[in-house]
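J.: Following this message is one structure expressed as structure tokens.
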Ligand SMILES: Cc1ncc(COP(=O)(O)O)c(C=O)c1O
């Protein structure tokens, strides 16, 4: 069966060009970049090139880039480093209520260790309550971490503006830009961001490689301590092939962003969204549709349950994600949708479609055709749907 | 992705006996939209008092739909007496097993069946059976005890998988553990405690425990405890913040604060809330 992959916020396919540049580094060129011979040195030169490619994608300098093992490691390293170098008595940390678990769980863990944690609310459309953020900054605030774009809804936070304000107050600012990098034009030099996390597998590089951007002059304390790799900021022999792949992926992503290729993806996304809303009653979009990633839509289908929808989609080879509790094994629906106040009737039946530059109109048309009968079928089974339909009639 | 058996997939994709039954002899409704799954179960009897027909309507994940479908197949041909003995395990077994995290779907099936039979026999709606332990999902101590005994559950996670209790705010975890221990006849040995403390050390340790352990946890609910006095083994505290006006505060005090302080400081401590 043909796979229709609309789950690109979960992970993406490795671009063929990326795979091509990686392969020789598994076979022919297996040298250690730290070695004192040119067999290793040539590999080091290639990593240097990758560093330049990644830096260009976000408007940074190459020596502001350190390679890590994933987005989660970048997030953890950034937060722990910020706390380590924060002055004494800086015991307060802030983030939004809709962060990815890479930040959310870490913060909850820090709260147990005695840090004072404030999670900033969002409104019904998933937009950050900026006033709340500024209001709760205090003298002991060590750090603010806000995601650039939300993985579930695609809603974009005003990071440029907010980071400047936070920086002016001398407070450390980190952003989890895992979902934003490669989908939006980003120029880090125009922001007040001290550290930024990104992850390879969200932008057509392989899984298991990430980047932490550290602004020049920012005090840093390494999370992984060992050899002098990454100038001592991240010990451990480099994941050479993946780093080289990420370099190529960054170069390709920059071309696509610069050429505004995402306008095409946004058009496909919009077609999918509008058509589904038209054809399925009691459905709505979760989150701000104005400030949103071009590839993402989260659609709530009321009175049906997300896992059941996904498994029926699976029968047609269509891959997506849901905000429902049942897919994760937890009992409550997504913390993101709950923070937005999405009612349970809708939250349990929310499906996230996330496109990539490989998505085609044909695929979107196929999904538009297959989705309405799936929802209808599950609604027929649902005891709440009849009640709802009867109420609507009255 | 869940590892569902082919039987689960089959009953999900081709549910048997789905639909409303207008002339049912018994109807049982369980669950709600907020909980993420709900089931309405219907049955009709033949002239010999055996279940002739059964149908269902379900809102929920694949395993909830499959469990409901399986239930309707299992009960057909049974007398009500026989049907009363159908357990959640029978449903899971019929489906070739369910992932542990999904066992609550089979429990929901059994509960709906029970309710439908009670409805037919015109038994009064069972009052809440026991004391509510998990407030998030409204699960009582008797329900937890039953599921622990019937399925030989050993951990809080198991209990959450079967009846959801403990899957929300997690405040009831200590109480669930107590029930599990009771069923298995375990007496928990008190944790090793530091050497005997003098009063000053004790007060200091209580203060520290409140500040580092207990208050940060309570803050999740936007409240905190203020230590007013320590009189021998009596710890006098006052609730501040929204906790103060919340009816759960008494419960939190007894089960959480006291047991934490006993563990961390001294096993003889008694916590008392001072009403000012
Ligand atoms: C916003 C966000 N942050 C962090 C991560 C974690 O990245 P990784 O999978 O590379 O650890 C993800 C990926 O799911 C994400 O979407």
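Residue numbers (the working numbering), protein chains in the order written: chain A, 22 to 415; chain B, 142 to 417. Idealized CB from N, CA, C, for every residue including glycine.
In terms of residues, what are the limits of the beta strand (DSSP E) holding residue 320 (chain A)?
T.: Position 299 of the first chain holds residue 320 (chain A). Residue 320 (chain A) -> beta strand (DSSP E) spans 317 to 322.
J.: Does residue 412 (chain A) come out as helix, strand or coil in the three-state DSSP assignment?
T.: Numbered from 1 along the first chain, position 391 holds the residue referred to as residue 412 (chain A). Residue 412 (chain A): helix per DSSP, three-state reduction.
J.: When DSSP labels each residue in this structure, what does residue 196 (chain A) get in the three-state scheme?
T.: Locating residue 196 (chain A) in the first chain gives position 175, counting from the first residue. Residue 196 (chain A): strand per DSSP, three-state reduction.
J.: Please report how far the alpha carbon of residue 194 (chain B) lies from the alpha carbon of residue 153 (chain B), in whole angstroms.
T.: Taking the second chain and counting its residues from 1, the one referred to as residue 194 (chain B) is at position 53. Taking the second chain and counting its residues from 1, the one referred to as residue 153 (chain B) is at position 12. When rounded, the distance between both Cα atoms is 19 angstroms.
J.: Cβ closer than 8 angstroms: which chain A residues qualify as neighbours of residue 442 (chain B)?
T.: The requested residue 442 (chain B) does not occur in the structure, where chain B is confined to residues 142 to 417.
J.: In terms of residues, what are the limits of the beta strand (DSSP E) holding residue 185 (chain B)?
T.: Walking along the second chain from the start, residue 185 (chain B) turns up at place 44. Per DSSP, residue 185 (chain B) belongs to the beta strand (DSSP E) from 178 to 186.
J.: Run the CB neighbour count on residue 261 (chain A), radius 10 Å, all protein chains shown included, and call it buried at 16 or more, exposed below.
T.: Within the first chain, residue 261 (chain A) is the residue found at index 240, counting from 1. Buried.
J.: Where in the region 166 to 245 of chain A do unbroken runs of the alpha helix (DSSP H), each at least 4 residues long, occur, reported from the N-terminal end onward?
T.: You should have 180 to 189.
J.: Can you tell me whether residue 39 (chain A) sits near ligand 1, meaning its C-beta is under 6 angstroms from at least one heavy atom of the ligand?
T.: Position 18 of the first chain, counting from 1, holds the residue named residue 39 (chain A). Because no heavy atom of ligand 1 lies under 6 angstroms away, the Cβ of residue 39 (chain A) does not count as near it: no.
J.: Report yes if the C-beta distance between residue 280 (chain B) and residue 248 (chain B) is below 7 angstroms; otherwise report no.
T.: For this step, residue 280 (chain B) is matched to residue 139 along the second chain. For this step, residue 248 (chain B) is matched to residue 107 along the second chain. Their beta carbons are not under 7 angstroms apart, which means residue 280 (chain B) does not touch residue 248 (chain B) by this criterion.
J.: Determine the extent of the beta strand (DSSP E) in which residue 249 (chain B) is found, giving its start and end residues.
T.: The count along the second chain starts at 1 and reaches residue 249 (chain B) at position 108. From DSSP, residue 249 (chain B) is part of no beta strand (DSSP E) but of the alpha helix (DSSP H) over 244 to 261.
J.: Which residues in chain B have a C-beta closer than 8 angstroms to the C-beta of residue 404 (chain A)? List them in chain order.
T.: The residue you call residue 404 (chain A) lines up with position 383 of the first chain. Going along chain B in sequence order, the residues near residue 404 (chain A) (Cβ under 8 angstroms) are 170, 179, 180, 181, 198, 199 and 200.
J.: Identify the residues that DSSP records as bridge partners of residue 140 (chain A): which are they?
T.: On the first chain, residue 140 (chain A) is found 119 positions in, with the first residue counted as 1. In the DSSP output, where bridge partners are listed per residue, residue 140 (chain A) has A:116.
J.: Would you decide whether residue 390 (chain A) is buried or exposed? Buried here means 16 or more other CB atoms lie within 10 Å of its CB.
T.: Sequence index remark: in the first chain, residue 390 (chain A) carries index 369 (1-based). Exposed, because fewer than 16 other Cβ atoms sit within 10 Å of the Cβ of residue 390 (chain A).
J.: In chain order, what are the residues with a CB under 5 angstroms from some non-hydrogen atom of ligand 1?
T.: Qualifying residues, in the order they occur: A:91, A:92, A:93, A:121, A:123, A:172, A:197, A:199, A:200 and A:220.
J.: Can you tell me the Cβ-Cβ gap for residue 257 (chain B) and residue 200 (chain B), rounded? I've got them flagged as a contact below 8 angstroms.
T.: To locate residue 257 (chain B), count along the second chain from 1; it is residue 116. To locate residue 200 (chain B), count along the second chain from 1; it is residue 59. Wrong, their Cβ atoms sit about 17 angstroms apart, outside the cutoff.
J.: Name the chain B residues whose beta carbon is nearer than 7 angstroms to that of residue 365 (chain A)?
T.: The count along the first chain starts at 1 and reaches residue 365 (chain A) at position 344. Under the 7 angstroms cutoff, chain B gives 174 and 175.
J.: I'd like to know if residue 110 (chain A) contacts chain B, where contact means its C-beta is closer than 7 angstroms to some C-beta of that chain.
T.: To locate residue 110 (chain A), count along the first chain from 1; it is residue 89. Output row for residue 110 (chain A): interface = no.
J.: Less than 7 angstroms between the C-beta atoms of residue 216 (chain A) and residue 65 (chain A), yes or no?
T.: Residue mapping note: residue 216 (chain A) aligns to position 195 of the first chain, counting from 1. Residue mapping note: residue 65 (chain A) aligns to position 44 of the first chain, counting from 1. No, they are not a contact pair.
J.: Taking C-beta to C-beta, are residue 218 (chain A) and residue 96 (chain A) nearer than 7 angstroms?
T.: For the purposes of this step, residue 218 (chain A) is taken as residue 197 along the first chain, with counting starting at 1. For the purposes of this step, residue 96 (chain A) is taken as residue 75 along the first chain, with counting starting at 1. The answer is yes: Cβ separation under 7 angstroms.
J.: Taking C-beta pairs closer than 7 angstroms, name the residues in chain A that residue 206 (chain B) reaches, listed in chain order.
T.: By one-based count along the second chain, residue 206 (chain B) stands at place 65. Those are 329 and 402, listed as they occur along chain A.
J.: Quick test of the definition: if touching needs 3 or more C-beta pairs under 8 angstroms, does the region 365 to 383 of chain B touch the region 306 to 319 of chain B?
T.: As far as the Cβ criterion goes, the region 365 to 383 of chain B does not touch the region 306 to 319 of chain B, which means the pair count is below three.
J.: My guess is that residue 192 (chain A) and residue 167 (chain A) are in contact by the Cβ rule of under 8 angstroms, so how many angstroms apart are they, rounded?
T.: Along the first chain, read from residue 1 onward, the residue named residue 192 (chain A) stands at position 171. Along the first chain, read from residue 1 onward, the residue named residue 167 (chain A) stands at position 146. Actually they do not touch by this definition, with Cβ atoms about 12 angstroms apart.
J.: Distance, Cα to Cα, residue 298 (chain A) vs residue 207 (chain A)?
T.: Taking the first residue of the first chain as position 1, residue 298 (chain A) is located at position 277. Taking the first residue of the first chain as position 1, residue 207 (chain A) is located at position 186. If you take the alpha carbons of residue 298 (chain A) and residue 207 (chain A), they lie about 31 angstroms apart.
J.: If I measure Cβ to Cβ from residue 184 (chain A) and keep anything under 6 angstroms in the same chain, skipping five residues before and after, which residues do I get?
T.: Taking the first residue of the first chain as position 1, residue 184 (chain A) is located at position 163. 194, 212, 213 and 214.
J.: Do residue 377 (chain A) and residue 33 (chain A) have their CB atoms nearer than 7 angstroms?
T.: Working through the first chain from its first residue, we reach residue 377 (chain A) at position 356. Working through the first chain from its first residue, we reach residue 33 (chain A) at position 12. Result yes, Cβ atoms of residue 377 (chain A) and residue 33 (chain A) sit closer than 7 angstroms.
J.: Excluding five sequence neighbours on each side, which residues of the same chain lie with their C-beta closer than 8 angstroms to the C-beta of residue 237 (chain B)?
T.: If you number the second chain from 1, residue 237 (chain B) lands on position 96. 146, 147, 148 and 149, listed in sequence order.
J.: Hey, residue 290 (chain A) and residue 318 (chain A): beta-carbon distance below 7 angstroms or not?
T.: Reading the first chain from its first residue, position 269 is the one you call residue 290 (chain A). Reading the first chain from its first residue, position 297 is the one you call residue 318 (chain A). Yes, these two residues count as a Cβ contact at 7 angstroms.
J.: So, at 8 angstroms on beta carbons, what are the nonlocal neighbours of residue 340 (chain A) in its own chain, with the 5 sequence-adjacent residues on each side left out?
T.: To locate residue 340 (chain A), count along the first chain from 1; it is residue 319. Taken in chain order, the residues that qualify are 24, 25, 26, 27, 28 and 334.
J.: Who are the near neighbours of residue 70 (chain A) in its chain, counting only those whose CB is closer than 7 angstroms to its CB and skipping five residues on each side?
T.: The residue given as residue 70 (chain A) occupies position 49 in the first chain. Within the same chain, residue 70 (chain A) has close Cβ partners 268.
J.: Output, in chain order, the set of chain B residues within a Cβ distance shorter than 7 angstroms of residue 332 (chain A).
T.: For this step, residue 332 (chain A) is matched to residue 311 along the first chain. 153 and 203, listed in chain order.
J.: If you reduce the DSSP assignment to three classes, tell me which class residue 333 (chain A) lands in.
T.: Looking up residue 333 (chain A) in the first chain gives position 312. Residue state, collapsed to three classes: helix.
J.: Which ranges would you report for the alpha helix (DSSP H) in the region 268 to 353 of chain B if only whole runs of at least 4 residues count?
T.: Qualifying alpha helix (DSSP H) stretches, in chain order: 282 to 292, 297 to 304, 314 to 325 and 340 to 350.
J.: Counting only beta-carbon separations shorter than 7 angstroms, does residue 425 (chain B) have a partner in chain A?
T.: In the structure as shown, chain B begins at 142 and stops at 417. Residue 425 (chain B) is therefore absent and cannot be evaluated.
J.: Tell me the DSSP bridge mates of residue 313 (chain A)?
T.: To locate residue 313 (chain A), count along the first chain from 1; it is residue 292. Per DSSP, A:176.
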